[in-house]
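>
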Amino acid sequence: MPNETLLSVKNLEVMFNTPKGDVHAVRGVSFDLGRERLGIVGESGSGKSQTGRAILGLTAANGKITADQLKFHDVDLANLTPKQWRKVRGARISMIMQDPKYSLNPVMTIGDQIIEAYREHHKVNAKEARHRAIDMLDAVKIRDPERVFNSYPHEVSGGMGQRVMIAMMLIPDPELIIADEPTSALDVTVQLQVMAILDDLVRDRGMALIFISHDLQLVSSFCDRVLVMYQGLVVEEIKASALHEAKHPYTKGLLNCLPKMDGDHTDLPILEREASWAEG
Amino acid sequence: MIEINKLNAWFDDNHVLKDVDIKVPKNGSFGLVGESGSGKSTVLRTITGLVDDWEGEILVNNKELGPKRDKTFYRLVQMVFQDPFGSLHPRHTIDRILTEPVNIHGLGDSDARVVQALEQVGLDNSFRFRYPHQLSGGQRQRVAIARALILEPKILLLDEPTSALDVSIQAEVLNLLSRLRRELGLTYIMVSHDLAVVAHMCDDIAIMNHGRIVERASATQLAEGTLEHPYSQQLYKAAGGYDRAVIDSFVDWD
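Taken in sequence, the protein lines are chains V and C.
Read left to right, the first sequence gives residues 1 to 280 (my numbering).
Read left to right, the second sequence gives residues 1 to 254 (my numbering).
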């Protein structure tokens, strides 16, 4: 069924206790996700990453998550024990982080890391796991998978590193991928190529994708639906194809302040923030 | 104002700049675009004297640069770096960061100069005795611009000045840079990976790939999309967002 609900989030709140007082990072976010590509867009501090991390229970120790509902199929993600989490993270929901330089283990070969991810969730022998890992590297369009399999992360480029991350996150065959700025550290052309690979794999395997990014235009050309976040609130939800019909002044402001290649050197419109946007 | 002829540079055995020619008139704004490793930042770093192994001719104000830069050069040419988190001393106050260049150059009257520089970049006096970590990314980049401006240079070299910032903050900093160029009659060389930023800010643009300028264009040509070199066309198309057919046509330029 294309429209069955995989993930249901109702009134999600994330609160951080800091020495300077409580920080309300996510304030009442609700959405239902089917087998689709959902974009979450916002500027730094809008709560977009914290929303993604809360779904996977990765909120930092000084943070508190509350939600009326946080359900993945029939699993209640709000009340899992660490042991139960291990059956969900990686296996059923997986996350691609921003920078392959920091999220790959620098002292372990790429092949061993992918095998580790696979064998954590599938009982197979070493030979079969190696075979799978090389197939997966091939699936993310790495030209010489055998060589990359035996390489260390510092020996590959940023674009290649991010493809390795995708391979590692997809090999256990999760149903939902949360990608948090997966291509922001890459050059534009490489960025698009990596997104195309992600797109193909997600489509072929019927996975759902939450794509978190600061780049409204990129997200709307890639996803089916976009949530725009501002100061922890979802201020607008739009069909990606109808971005130009966005109604909220924040969304419009974000689109307007982008420089354009129209030969116009006059000043860019400045985003005037209104206090009422943050009141929900 | 700036003329560069047949500039070549090396990092050990790596030939990173190949016959780069650039000409920027007074009060002009020149943009260098390219992907990582294209050599765009190295051009700026060579001009400021941060690259040792280079050959060619660099003329600033019709004066040819030797292997070393002296103080008069740095009064004329200042650079703003990409990362406002890495380019400000974390344990110096904004006041000290701005006063240091004034003292080095023995200009005197640092108090009034600091006040003026902060005002030029749109920061009020309350920022003066804060530390960088107490400022947002956009405010820090304003401080970095103020530090460059405090010596009253005529040329600013801008290395990805807004790529670490949110788009709404980027718009503010780009407007600030445009205004300063108008009001102070500055000359810019701006490096960016973002074609739209450069198209918005610059009159003349050069597209770099693997240490070489592959194409030159005016802002108007860029607006019309009449680029000729296949690499620049690819870069132009990539700026249009996610389009599957376009991506499948990409070629690797390794």
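All C-beta atoms, glycine included, are put in the ideal place defined by N, C-alpha and C.
For the stretch 227-273 of chain V, list the alpha helix (DSSP H) runs that are entirely contained and at least 4 residues long, ordered along the chain.
The stretch 227-273 of chain V contains these whole alpha helix (DSSP H) runs: 249-256.
> Count the other CB atoms within 10 Å of the CB of phenylalanine 129 of chain C; is the residue buried (16 or more) or exposed (fewer)?
Looking at its Cβ environment, which holds fewer than 16 other Cβ atoms inside 10 Å, phenylalanine 129 of chain C is exposed.
> Straight-line CA distance for glycine 263 of chain V to histidine 200 of chain C?
6 Å
> Identify the contact partners of threonine 220 of chain C in chain V, using a Cβ-Cβ distance below 7 Å as the criterion.
Gly263
> Report all residues from its chain with a CB closer than 8 Å to the CB of valine 16 of chain C; omit the five preceding and five following residues, and keep chain order.
Ala9, Trp10, Gly39, Thr42, Gly211
> Measure the CB-CB distance between alanine 179 of chain V and glutamate 36 of chain V and report whether it falls below 8 Å.
no
> What are the complete alpha helix (DSSP H) segments, minimum 4 residues, inside the stretch 14-74 of chain V?
48-55
> Within a Cβ cutoff of 6 Å, which residues of the same chain sit near proline 100 of chain V, ignoring the five residues on either side of it in sequence?
Gly161, Gln162, Met165
> Among all the DSSP beta bridges, which residues are the ones paired with asparagine 5 of chain C?
For asparagine 5 of chain C, the pairing in a beta bridge is given by DSSP as C:Glu57.
> Applying the criterion that 16 or more other CB atoms from any shown protein chain within 10 Å of the CB defines a buried residue, is isoleucine 58 of chain C buried or exposed?
buried
> Check the Cβ-Cβ distances between alanine 206 of chain C and every residue of chain V, and say whether any is below 8 Å.
no
> Do arginine 75 of chain C and proline 153 of chain C come within 8 Å of each other at the CB atom, strictly closer than that value?
yes
> Which residue's Cα is closest to the Cα of arginine 142 of chain C: C:Leu107, C:Ala112, C:Ile94, C:Ser110?
Ranked by Cα distance from arginine 142 of chain C, the first of C:Leu107, C:Ala112, C:Ile94, C:Ser110 is C:Ile94.
> So within the stretch 128-200 of chain V, which uninterrupted alpha helix (DSSP H) runs reach at least 4 residues, ignoring any that extend past its ends?
145-149, 158-170
> Do leucine 170 of chain V and leucine 192 of chain V have their C-beta atoms within less than 8 Å of each other?
no
> Determine whether the beta carbon atoms of methionine 79 of chain C and alanine 148 of chain C lie at a separation below 8 Å.
yes
> Determine, for phenylalanine 250 of chain C, whether the minimum Cβ-Cβ distance to residues of chain V falls below 8 Å.
yes
> Kindly indicate which three-state DSSP category tyrosine 188 of chain C falls into: helix, strand or coil?
strand
> Could you round the C-beta distance between leucine 216 of chain V and leucine 254 of chain V to whole angstroms and report it? I think they count as a contact, below 8 Å.
5 Å
> Against chain C, with Cβ distances strictly below 8 Å, would lysine 260 of chain V count as a contact?
yes
> Based on Cα-Cα distance, which residue from C:Ile205, C:Trp54, C:Pro84 lies nearest to glycine 137 of chain C?
C:Pro84
> Taking DSSP's pairing of strands, which residues face glutamine 78 of chain C in a bridge?
According to DSSP, which records beta bridges pairwise, glutamine 78 of chain C is partnered with C:Leu156.
> Please name the residue, chosen from C:Asp70, C:Asp159, C:Ala223, C:Thr99, that lies closest to glycine 31 of chain C on a Cα-to-Cα basis.
C:Asp159
> Taking C-beta pairs closer than 8 Å, name the residues in chain C that isoleucine 270 of chain V reaches, listed in chain order.
Ser168, Ala171, Glu172, Asn175
> Using the C-alpha atoms, what's the distance from glycine 34 of chain C back to methionine 208 of chain C?
5 Å
> Considering just the uninterrupted stretch of the alpha helix (DSSP H) at valine 24 of chain C, what are its terminal residues?
Counting along the chain, valine 24 of chain C falls outside any alpha helix (DSSP H), though it belongs to the beta strand (DSSP E) covering 14-24.
> Pull out every residue of the stretch 184-203 of chain V whose Cβ sits closer than 7 Å to any Cβ of chain C, in chain order.
Answer set for the stretch 184-203 of chain V: Asp187, Val188, Thr189, Leu192, Gln193, Met195, Ala196.
> Can the beta-carbon of tyrosine 329 of chain V be found closer than 8 Å to that of proline 106 of chain V?
Outside the displayed range of chain V (1 to 280) lies residue 329 of chain V, so it cannot be described from this structure.
> Go through the stretch 99-123 of chain C residue by residue and report every complete run of the alpha helix (DSSP H) that reaches 4 residues or more, in order.
Runs found: 110-120.
> Whose C-beta lies closer than 6 Å to the C-beta of valine 190 of chain V among residues of the same chain, with five residues either side of it excluded?
Gly159
> Which bits of chain C does glutamate 43 of chain V rub up against, with CB to CB less than 9 Å?
Asp166, Val167, Ser168, Ile169
> Does any residue of chain C bring its CB to less than 8 Å from the CB of glutamine 84 of chain V?
Answer no: the Cβ-Cβ gap between glutamine 84 of chain V and chain C never drops below 8 Å.
> Would you identify the three-state DSSP class for alanine 332 of chain V, choosing helix, strand or coil?
Only positions 1 to 280 of chain V appear in this structure, which leaves residue 332 of chain V out of reach.
> Taking valine 234 of chain V as the reference, give the member of V:Arg27, V:Val14, V:Asn17 with the closest Cα.
V:Arg27
> Since glycine 241 of chain C meets chain V, which of its residues come closer than 7 Å, beta carbon to beta carbon?
Gln217, Leu218, Ser221
> Would you give the residue range spanned by the alpha helix (DSSP H) that methionine 201 of chain C belongs to?
Here the alpha helix (DSSP H) through methionine 201 of chain C covers 195-201.
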